[in-house]
Ligand code: NAD
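Have a look at this one:
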């Protein structure tokens, strides 16, 4: 049966409108005042602390079930509210969160036993965690943080991006409903109806919050790391994809365009530019344009595009972030073919549409004279974020050289970038990737502190 887009849009608008909160509306985890939100999370944390691991896992299972049930609705809400991304891809991202964000199994105990007894190193909760979330993956970040933090025995106060507040509120309410439905406490995660820099400052300074987690651009990560508290910083990237002459070029074109266009390039790990050895540039471009729906932009179109997606100071035009390729082309007066997924061109690494993290399906190709030149260019383009980098090569020595030079939290070889999130690749999923502070792909154990528990001269039964 064909989906009536305008009917779905009306339903979503209706739901979003109903989500505009009235005081005392009794929605779970949603407060007008940040101090009240923190107090509620603190009270909930006292209960969470007493829950068995099994009880925590029951809440998490129910959250997973509800994410699956509401995956499509939430995806439509996110696109409707933020104007960014792709509904189909956001549905996939929601299901991925439900299936692959680790729960309590992530928390491991270390033990030493011997003549002098038994010593355990256990991972305990911090208490109430303050988390700041982006508009690019609004619900996915709420789920990554809430599931991981709860699995570790914490509760969480969110200060979400104002552009995604209703979407975020829906996710937070849903997590609390899940908890209540299986006998858990309310307010395992909380937020405010109007998140601002002031509510963020209250949260960051509050004495009941010992750990802050920032997922977003450089500004918020620096703010959290300057707070005087422990901080986990999941910041910006500008991931290059290197293609050398040993790669399967046709497959590289497919993988790179699939990764780059996923959710209109919103994920921070997504391919943002290509660096290819001179001898393969034409072949790569051929497959990208003839088989992968890439539109090859002329010099004149590129100039218009650069002037549209950025201002003269190089700041991103928010109306372009997360838009699809056809919409971006329409903004510069180009009617692109129906199958267009991505915009491509060949230029030097300094081109603003290559050097900047755009979060749009625009994929410039930088030619390199040899492998060493390509590595140097990729290191330059990544801007020291140490976030993500990708490579298409069948030469293991070169891959190793690249991995060491890039020194990133994520490096995908011979696949699309999203394989790093466990989507078409092995491993778990998160949408908080802390390259700057070293946790890498965060999970429950990232939100714990180590404790040593020692029994002297007993309980060694070897
Ligand atoms: P953004 O930096 O504009 O906003 C992120 C959050 O930080 C929002 O809640 C915003 O209100 C808040 N914020 C911004 N500046 C702040 C400050 N000085 N003090 C306190 N709060 C502040 O980012 P965005 O547009 O929502 O998301 C895109 C950016 O986030 C990109 O740079 C992307 O690479 C990055 N990102 C990184 C990860 C990761 O896991 N490393 C994940 C998603 C997004």
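Residue numbers (my numbering): 919 to 1380. In this text, a Cβ means the ideal position worked out from N, Cα and C, and glycines have one as well.
- Not a single heavy atom of ligand 1 lies less than 7 Å from the C-beta of residue 955.
- When Cβ pairs closer than 8 Å are counted between the two stretches, the region 981–999 is seen not to touch the region 1116–1123, the count staying below three.
- Note on geometry: alpha-carbon atoms of residue 1321 and residue 1155 lie some 16 Å from one another.
- The beta carbon of residue 1254 lies closer than 8 Å to those of 1213, 1243, 1244, 1247 and 1248 in the same chain, with the five residues before and after it left out.
- Note that the C-beta distance between residue 1122 and residue 1129 is not below 8 Å.
- Close CB contacts of residue 1036 within its chain, under the 6 Å cut and outside five residues either way in sequence, are with 1373, 1377 and 1378 (chain order).
- Between ligand 1 and residue 1084, a heavy atom-to-CB distance of less than 7 Å is absent.
- Taking C-beta separations shorter than 6 Å and ignoring five residues to either side along the sequence, the partners of residue 1359 in its chain run 1348 and 1351, following chain order.
- Our two residues, residue 1148 and residue 1305, have alpha carbons roughly 20 Å apart in a direct line.
- In the three-state scheme derived from DSSP, where H, G and I count as helix and E and B as strand, residue 1068 is classed as helix.
- Rounded to whole angstroms, the Cβ separation of residue 1047 and residue 1072 is 5 Å, and the two are in contact under 8 Å.
- The alpha carbon of residue 1261 has as its nearest neighbour, out of 1269, 1274, 1092 and 1278, the alpha carbon of 1278.
- The residue among 1092, 1057, 1094 and 1290 with its C-alpha nearest the C-alpha of residue 1079 is 1057.
- Between the alpha carbons of residue 1179 and residue 1025 lies a gap of roughly 34 Å.
- By the C-beta criterion, the region 1323–1337 is judged to be in contact with the region 1164–1181, since at least 3 inter-stretch pairs fall below 8 Å.
- Annotation: the continuous alpha helix (DSSP H) that includes residue 1118 extends over 1115–1123.
- By the Cβ test, the region 953–971 is not in contact with the region 992–1007, since fewer than three Cβ pairs between them sit closer than 8 Å.
- Note that the region 999–1006 does not touch the region 1095–1107; fewer than 3 beta-carbon pairs, one per stretch, sit closer than 8 Å.
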